[in-house]
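S.K.:
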């Protein structure tokens, strides 16, 4: 399998590094200092006291000249459309696109642009950040990629090969028969943490014990549970406990990438992680008062 990872940040860099370490054929598209550092020195990935250096084949979007079997889309939500020219130039009939962006329903947007390509729904569980150009730190052991067809097809040989390659690379693969549920389940984790973490200006530590932030987080998850019911998406009844258990394993200092961007005054994924919930609430007639309050503050 020939892999193309679009986006050289924490998520794309981590995927490309692990695949490269397992000697899979992968190319990473990056830009700026990240492109320069990885091209010259490789990508340093640390987790706890362990670190490795991956000599990833890294190029700019303009330099890539191949036809991949699988494209992992790992950019921020606001940069999605900037990837379309790359996809148009390299994707062929059998290319599979797996979007791993924060947000919900990203696959539908891509499918409208590329109706003739195989576009899956997907999500990723990872706690990683770029500490400086060329360096990525993983603050949790969890590294899982979930992907699948909306119709639940589990027989596509390409995706079985992807699962095998990911597993051999140290990434947990989930070829899902209910990706609509699984991507929304992930959304109930990342959206409330980004929203409340940014609103209250707190780290993961605040979600681990009794606090205003933890209470708001739980209420946001409950609002998403109600929204899922309105959208006829079946998610686990104990999703609050599942999410809080995941948070327990994060470093106390962890914050979402959206929170980092907002605090730094950069463009952020607030539209897809916060305002989209408000829009969906209006569309399906579901009240989301906590999200509306947060959305009012985080424009």
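Residue numbers (UniProt numbering): 1 to 299.
Built from N, CA and C at the ideal position, the CB exists for glycine as well.
1. State whether the segment 237-251 contacts the segment 168-178, with contact taken as three or more CB pairs (one from each stretch) at a distance under 8 angstroms.
2. Along the alpha helix (DSSP H) that carries residue 198, what are the first and last residues, could you check?
3. CA-CA distance, residue 278 and residue 126?
4. By DSSP's criteria, residue 356 is part of a beta bridge. Which residues make up the other side?
5. Please classify residue 289: does DSSP put it in a helix, a strand, or coil?
6. Excluding the 5 residues preceding and the 5 following residue 363 in the sequence, name in chain order all residues of the same chain whose CB lies nearer than 7 angstroms to its CB.
7. Are residue 130 and residue 186 closer than 8 angstroms when you measure CB to CB?
8. What do you get for residue 13, buried or exposed, if any count of 16 or more other CB atoms within 10 angstroms of its CB means buried?
9. Going along the chain, which residues of its own chain have a beta-carbon closer than 8 angstroms to the beta-carbon of residue 205, five neighbours each way excluded?
10. Which residue's Cα is closest to the Cα of residue 219: 195, 139, 201?
11. Residue 99: buried (16+ other C-beta within 10 angstroms of its C-beta) or exposed?
12. Identify whether residue 251 lies in helix, strand or coil by the three-state DSSP scheme.
13. Within 10 Å of its beta-carbon, does residue 84 have 16 or more other beta-carbons around it, so buried, or fewer, so exposed?
14. Going by C-alpha to C-alpha distance, which of 216, 238, 203 sits closest to residue 139?
15. Taking the CB atoms as reference points, tell me whether residue 148 and residue 111 lie closer together than 8 angstroms.
16. Taking only the alpha-carbon atoms, compute the straight-line gap between residue 304 and residue 120 and give it to the nearest angstrom.
17. At what residue ranges does the UniProt domain "Ketopantoate reductase N-terminal" (4-149) contain a whole run of the alpha helix (DSSP H), taking only runs of 4 or more?
18. Within 8 angstroms, do at least three Cβ pairs link the segment 280-289 to the segment 152-164?
19. So residue 173 is in the beta strand (DSSP E); what residue range does that whole segment cover?
M.R.: For this structure:
1. no
2. 179-200
3. 26 angstroms
4. Outside the shown range of the chain, which is 1 to 299, sits residue 356, and nothing can be said about it.
5. helix
6. The shown model of the chain, from 1 to 299, leaves out residue 363, and the question about it has no answer.
7. no
8. buried
9. 252, 253
10. 195
11. buried
12. coil
13. exposed
14. 203
15. no
16. In the structure as shown, the chain begins at 1 and stops at 299. Residue 304 is therefore absent and cannot be evaluated.
17. 10-21, 32-41, 84-90, 106-113
18. no
19. 172-175
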